[in-house]
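Contents: one structure, followed by commentary.
Numbering (our numbering), first residue to last: 83 to 567.
In structure tokens:
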């Protein structure tokens with residue numbers, strides 16, 4: 083299940099009687115305050131224990147991160163126990179400006195105070211017009227000059243479905259090429275079929291493949307693909323759901339290669355922390371088919387909650403702030419510093435594999451120095467490779483407030499990544515896991531991160547890695563080759 087990478091982080095009690103949220107069993111906090119005295123609604127601290135009985139297990143994010151956030155500002159999240167964490171997950175990239183940025187809040191207040199309808203369908207409003215105007219300012223010029231914006235449902239796959247329906251209707255063809263992993267090199271070949279076949283309706287790719295473990299697509303390869311798709315009249319679709327709005331050190335990740343796609347899929351950060359999705363495409367894709375076909379194109383992405391006015395206002399404010407404050411350049415500079423420091427860890431610790439990324443979208447791969455494959459039983463894992471919830475095998479109490487450890491030393495890359503995530507959380511740092519084997523720690527700090535916060539995050543992460551390496555009996559010979567790329 084999707085949540086298994088977090089199993090064992092919550093639901094256990096430490097030896098001193100504290101729960102995962104830091105409260106003692108009598109309901110008080112460590113300093114003796116009651117929940118009400120701490121300004122937390124009654125019962126908020128017990129949410130992690132109630133959640134398994136109330137919510138389905140099949141969730142995109144795990145129920146087991148033992149943090150009950152009650153306040154947030156910038157990079158900082160405060161939980162029901164008064165603990166503070168630096169958030170390097172950023173809502174999986176949704177929070178380009180962090181939590182409760184004043185520019186975003188002010189834009190939302192203006193909408194609320196103006197009595198503008200909060201939800202409309204198919205009607206142009208001043209708020210929507212302002213968003214589209216700001217969006218066009220940020221797009222690659224060759225696309226912006228001929229762009230059409232199509233709003234769609236803000237669900238995870240809805241923008242992709244809309245883009246696919248668009249190119250299929252425009253080309254009259256059905257096949258879609260989605261290059262991932264080892265198939266990157268085959269994508270260009272798929273656009274050049276034999277005489278008996280026909281080219282695909284489109285090629286969809288992420289400039290940085292986050293779910294595959296934060297893997298940037300090489301710029302030269304992307305330029306070659308653009309050349310081939312243009313020659314064969316195959317629309318190129320860039321999925322910038324997570325890479326857009328300055329995340330990679332450019333306003334859009336395709337900007338690094340100088341490539342102009344025919345279609346851009348946009349979501350997450352463009353809503354300024356609220357659900358919003360849009361597909362931007364070249365006007366030619368609107369004009370290749372008849373008018374009736376064009377109306378049909380919108381059907382897969384149509385839905386009640388497209389074009390929410392608060393999200394449009396928050397998104398316009400976010401786009402303008404990122405552009406005006408040059409936050410993409412800021413992300414490039416600090417991202418380079420983070421990559422350099424983390425690659426130093428790869429040279430020092432054999433359990434740290436490849437470190438890669440772009441801007442403030444970074445992945446740190448954890449590998450087994452002993453060569454144990456991911457998913458293999460080791461120490462405190464079940465036969466299916468899922469970490470157990472048992473206490474540390476040495477019987478020592480957890481010294482850091484009830485975040486349990488996997489029984490025995492971590493062995494596989496996925497176990498090591500989970501252990502690093504736990505140790506980061508102990509130190510007040512929230513990170514996520516990704517990759518097919520969940521063995522890549524992903525860092526997505528907001529674009530407003532400061533030099534001081536960067537240093538703190540790097541120190542905490544390095545300390546977490548060192549602790550995990552020591553627990554597994556580390557100090558194996560460094561693998562300097564891991565620091566490549």
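C-beta: ideal position from N, C-alpha, C; glycine also.
Small disclaimer: the values here were computed from a predicted structure and weren't measured.
task: Could you round the C-beta distance between residue 286 and residue 244 to whole angstroms and report it? I think they count as a contact, below 8 Å.
output: With 8 Å as the limit, residue 286 and residue 244 do not qualify as a contact, their Cβ atoms being about 12 Å apart.
- prompt: Alpha carbon to alpha carbon, what distance is there between residue 493 and residue 554?
  reply: Here the alpha carbon of residue 554 sits roughly 7 Å from the alpha carbon of residue 493.
- prompt: Do three or more CB pairs link the stretch 353-364 to the stretch 395-407 at distances below 8 Å?
  reply: The answer is yes - the stretch 395-407 touches the stretch 353-364, with three or more Cβ pairs under 8 Å.
query: Relative to the C-alpha of residue 440, which residue among 504, 296, 221 is closest?
result: Check the Cα spacing between residue 440 and each of 504, 296, 221: the tightest is with 296.
- prompt: What number of angstroms, rounded off, separates the C-alpha of residue 330 from the C-alpha of residue 238?
  reply: Straight-line Cα distance between these residues: approximately 20 Å.
- prompt: Who are the Cβ neighbours of residue 250 in its own chain at under 7 Å, not counting the five residues just before and after it?
  reply: The residues are 256, 283.
task: Report the residue from 551, 408, 534 whose alpha carbon sits nearest the alpha carbon of residue 430.
output: Among 551, 408, 534, the Cα nearest to that of residue 430 is on 551.
Residue 188, enclosing alpha helix (DSSP H) - first and last residue: Counting along the chain, the unbroken alpha helix (DSSP H) around residue 188 starts and ends at 184-196.
Option in 417, 449, 362 with minimal Cα separation from residue 432: Per the Cα distances, 449.
- prompt: Taking buried to mean at least 16 other C-beta atoms within 10 Å of its own C-beta, is residue 391 buried or exposed?
  reply: Result: buried.
Best match in 183, 168, 539 for proximity to residue 423 [C-alpha to C-alpha]: Ranking the options by Cα distance to residue 423, first place goes to 539.
message: My output table needs one value for residue 543: the three-state DSSP class, helix, strand or coil.
response: Secondary structure of residue 543 (DSSP, three-state): helix.
- prompt: Looking only at C-alpha atoms, which of 178, 201, 419 sits nearest to residue 352?
  reply: Selected option, being the one with the closest Cα: 178.
Closest residue to residue 232 among 281, 171, 360 (Cα-Cα distance): Ranking 281, 171, 360 by CA distance to the CA of residue 232 puts 360 first.
task: Give the single residue among 549, 281, 402 whose Cα lies nearest to the Cα of residue 253.
output: Taking residue 253 as reference, the option from 549, 281, 402 with the minimal CA-CA separation is 281.
field: Separation of residue 216 from residue 306, as counted between CA atoms
entry: Residue 306 and residue 216: Cα-Cα distance of roughly 30 Å.
task: Indicate the three-state DSSP secondary structure (helix, strand or coil) for residue 255 in the structure shown.
output: Shown here, residue 255 sits in coil according to DSSP, grouped into three states, outside any helix or strand.
task: Starting from the Cα of residue 366, find the closest Cα among 407, 332, 333, 316 and give me that residue.
output: Restricting attention to 407, 332, 333, 316, the CA atom closest to the CA of residue 366 is found in 316.
task: Determine the closest residue to residue 169 out of 514, 292, 426, 201, with distance taken between C-alpha atoms.
output: For the residues 514, 292, 426, 201, the minimum Cα distance to residue 169 belongs to 514.
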